[in-house]
Each structure stands twice: as structure tokens, then as C-alpha cells.
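A.B. asks: Structure in C-alpha cells, see below.
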Amino acid sequence: MKVNVQSVNFNADKKLVDFIQRRLDKLENYYDKIVFADVYLKVQNTSGKENKITEILLSIPGGDIMVKKTCRKFEECVDECVSSLQRQLIKRKEKMSTHV
């Protein structure tokens with residue numbers, strides 16, 4: 271799966287990009303028809319500690335899936351996004367198998 275990582279207002283380091291790639295590759299175990307994933311990393315200029323925003327857009331046949339989370343660390347956000355996407359992909363796969 272092709273993963274596009276875009277960081278807004280900062281430069282994402284290689285370790286973070288590799289972490290995101292590894293996490294998203296695991297989604298292919300649940301749904302193998304994923305075309306690509308767009309990941310947007312943003313830092314909000316707020317006084318709160320939870321100022322990291324992660325948005326993941328998965329492109330799959332039949333419509334895209336978008337997830338957005340706000341956390342303290344990007345790794346934490348990516349984990350939450352991936353678990354949410356995992357649930358949605360399982361639902362989508364079950365729905366597809368009942369129609370066949």
C-alpha cells in the first residue's frame with residue numbers, strides 16, 4: 271500500500287514516517303483492497319497539551335474512509351486512528367461478504 275505522509279507546519283522525521291508505514295501496513299491483514307493512504311500531521315498552536323492532530327484518509331473501492339484524532343503525541347494519534355480504521359474495515363468487509 272502506498273502511504274503519503276504530509277506534515278503541516280513542521281518536518282516529520284524518518285522514524286515517525288516509518289512508524290506510520292508499519293502501522294498502516296497491518297491494516298492490509300483486515301482488508302486487502304486498500305489502494306493508498308493519505309496521512310496529514312498537524313500541530314495546533316494552543317496552550318493545551320493535546321495539540322497534535324492526525325488525519326488518515328484510506329482510499330478503498332466503494333468509498334474512502336477518513337479518521338481524525340487529537341492527542342499529545344503523533345504515535346498515540348496514529349495508534350488510535352489505526353484501531354478506528356481497523357474496526358471500520360472489518361465492518362466494511364462483513365458488509366461486502368453478506369452481499370456476495
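For the sequence shown, our numbering begins at 271 and goes up steadily by one.
Quick reminder that beta carbons are idealized off the backbone N, C-alpha and C, glycines included.
Looking at the structure shown, is D334 part of a helix, part of a strand, or coil, going by DSSP?
C.D. replies: For this step, residue 334 is matched to residue 64 along the sequence shown. Strand.
A.B. asks: Buried or exposed: where does T316 fall if 16 or more other Cβ atoms within 10 Å of its Cβ makes it buried?
C.D. replies: To locate residue 316, count along the sequence shown from 1; it is residue 46. Counting Cβ neighbours within 10 Å, T316 comes out exposed, since fewer than 16 surround it.
A.B. asks: Would you mind sorting R362 into buried or exposed? The rule is 16 or more other CB atoms within 10 Å of its CB.
C.D. replies: For the purposes of this step, residue 362 is taken as the residue at position 92 of the sequence shown. It is buried - the Cβ of R362 has at least 16 other Cβ atoms within 10 Å.
A.B. asks: Which residue spans inside the stretch 287-328 form an unbroken beta strand (DSSP E) run of at least 3?
C.D. replies: Segments of the beta strand (DSSP E) lying fully in the stretch 287-328: 306-313.
A.B. asks: Could you check if T324 is buried or exposed, using at least 16 other CB atoms within 10 Å of its CB as the buried criterion?
C.D. replies: Within the sequence shown, residue 324 is the residue found at index 54, counting from 1. With 16 or more Cβ atoms within 10 Å of its Cβ, T324 is classed as buried.
A.B. asks: Secondary structure at K361, three-state DSSP: helix, strand or coil?
C.D. replies: Translated into positions along the sequence shown, residue 361 becomes position 91. Helix at K361.
A.B. asks: Select from K338, R292, Y310, D302 the residue whose C-alpha is nearest the C-alpha of V278.
C.D. replies: Within the sequence shown, residue 278 is the residue found at index 8, counting from 1. The candidate whose alpha carbon is nearest that of V278 is Y310.
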